[in-house]
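Just so you know, the protein sequences line up as chains A and B, in that order.
Residues 1 to 114 (the numbering used here) make up the first sequence, in order.
Residues 1001 to 1117 (the numbering used here) make up the second sequence, in order.
Read the structure below first, then the notes.
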Amino acid sequence: GQNIDQPTEMTATEGAIVQINCTYQTSGFNGLFWYQQHAGEAPTFLSYNVLDGLEEKGRFSSFLSRSKGYSYLLLKELQMKDSASYLCAVRDQWAGAGSYQLTFGKGTKLSVIP
Amino acid sequence: GAVVSQHPSRVICKSGTSVKIECRSLDFQATTMFWYRQFPKQSLMLMATSNEGSKATYEQGVEKDKFLINHASLTLSTLTVTSAHPEDSSFYICSARDLGVAKNIQYFGAGTRLSVL
């Protein structure tokens, strides 16, 4: 089965750094994704990790440890617009036709305060 | 990044009517598209995987006769909610993968908010 855990809510101050953790237990692994979702909108892609280590992309970085089933998303220099839900998703099961399914965590609602 | 277009963005309908939602990949071909449903404060739950030219694969607990999926071309998949009821009110989101990109990133449509009265 699949089990993806991340904190439900977090609060951080504008300009600060926040780390959102994600742990997973899945039947297969073919990459881990982080998405940002503002209320009432569809998720937008942030980052992708398939090998261990840190991927940096501007103010956002994502880390993966496959042996520990662990990832984190690091947001630096927080801005008010970063207030959103952050979804951790693992690509696991084969969906056929050259594609895998994404299994999502419940998301972490981040509130950035002045 | 790749663009996935989803229409309509919002639907309000009476109980018992059918609602059709379209999902298009605008600048890439997608042999596989995914349909998700999201209830308030919940995560995205995969409903079905839509395969071009063949039958969709439904997740456990999703009624295939109620949620009809058609993937007639490499750029279009449709989800029809038949005889919608208030409990079907939710946020429906489609997704497609750009297989032409090495990372096979999955992009999402803007979502359709369905409200059944």
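Where a beta carbon is used, it is the ideal one built from N, C-alpha and C, also for glycine.
is_contact[residue i, chain B] using C-beta, thresh 8 Å
i, result
"Ala84 (chain A)", "no"
"Tyr72 (chain A)", "no"
"Lys81 (chain A)", "no"
"Ser102 (chain A)", "A small fix is needed here, since residue 102 (chain A) is Leu in this sequence, not Ser. Yes, Leu102 (chain A) lies at the interface with chain B (some Cβ there is under 8 Å from its Cβ)."
"Tyr87 (chain A)", "Reading off the sequence, residue 87 (chain A) comes out as Leu, not Tyr. True, the Cβ-Cβ gap to chain B drops below 8 Å."
"Gly69 (chain A)", "no"
"Lys76 (chain A)", "no"
Test: residue i CB closer than 8 Å to a CB of chain A
i, result
"Thr1078 (chain B)", "no"
"Tyr1107 (chain B)", "yes"
"Ser1043 (chain B)", "yes"
"Ala1110 (chain B)", "yes"
"Thr1075 (chain B)", "no"
"Ile1093 (chain B)", "yes"
"Leu1046 (chain B)", "yes"
"Thr1082 (chain B)", "no"
Span separating the alpha-carbon of residue i from that of residue j
i, j, result
"Asn21 (chain A)", "Ile1105 (chain B)", "21 Å"
"Thr1075 (chain B)", "Pro114 (chain A)", "43 Å"
"Glu55 (chain A)", "Arg1037 (chain B)", "29 Å"
"Ala1096 (chain B)", "Tyr35 (chain A)", "14 Å"
"Ser1054 (chain B)", "Asp1065 (chain B)", "16 Å"
"Val112 (chain A)", "Gly1016 (chain B)", "42 Å"
"Leu1044 (chain B)", "Gly40 (chain A)", "12 Å"
"Tyr24 (chain A)", "Ile1069 (chain B)", "30 Å"
"Gln1060 (chain B)", "Leu1046 (chain B)", "10 Å"
"Gly1025 (chain B)", "Ser1005 (chain B)", "Checking the displayed sequence, the identity of residue 1025 (chain B) turns out to be Ser instead of Gly. Each residue's Cα considered, the two are about 6 Å apart."
"Thr13 (chain A)", "Ser83 (chain A)", "10 Å"
"Ser85 (chain A)", "Val1019 (chain B)", "28 Å"
"Phe1034 (chain B)", "Ala1048 (chain B)", "6 Å"
"Ser1090 (chain B)", "Ser1009 (chain B)", "12 Å"
"Arg66 (chain A)", "Thr44 (chain A)", "24 Å"
Chain E contact residues for residue i, given Cβ-Cβ distances below 9 Å
i, result
"Phe63 (chain A)", "The structure shown contains no chain E; the protein chains it does contain are A and B."
Q: Residues of the region 48-61 of chain A with a CB closer than 9 Å to any CB of chain B: list them in chain order, please.
A: Using a CB distance below 9 Å, the part of the region 48-61 of chain A facing chain B consists of Tyr48 and Val50, ordered along the chain.
Q: Report the residues of the region 13-42 of chain A with a CB closer than 9 Å to any CB of chain B, ordered along the chain.
A: Asn30, Gly31, Phe33, Tyr35, Gln37, Gly40, Glu41 and Ala42
Q: May I have a chain-ordered list of the beta strand (DSSP E) segments no shorter than 3 residues that lie completely inside the region 1053-1087 of chain B?
A: Counting only runs of 3 or more, we get 1067-1073 and 1076-1081.
Q: Identify every run of the beta strand (DSSP E) within the region 38-78 of chain A, keeping only runs that are complete inside it and at least 3 residues long; order them along the chain.
A: 44-49, 53-57, 60-65 and 70-75
Q: Give, in chain order, every residue of the region 1012-1023 of chain B whose Cβ lies closer than 7 Å to some Cβ of chain A.
A: none
Q) Should the region 6-21 of chain A be regarded as contacting the region 60-76 of chain A, the criterion being three or more beta carbon pairs within less than 8 Å? A) yes
(Q) Under 8 Å, with one C-beta from each stretch per pair, do the region 1074-1094 of chain B and the region 1002-1013 of chain B reach the 3-pair mark? (A) yes
Q. Can you list, in chain order, the stretches of the beta strand (DSSP E) that have 3 or more residues and sit fully within the region 1009-1053 of chain B?
A. 1010-1013, 1019-1025, 1032-1038 and 1045-1051
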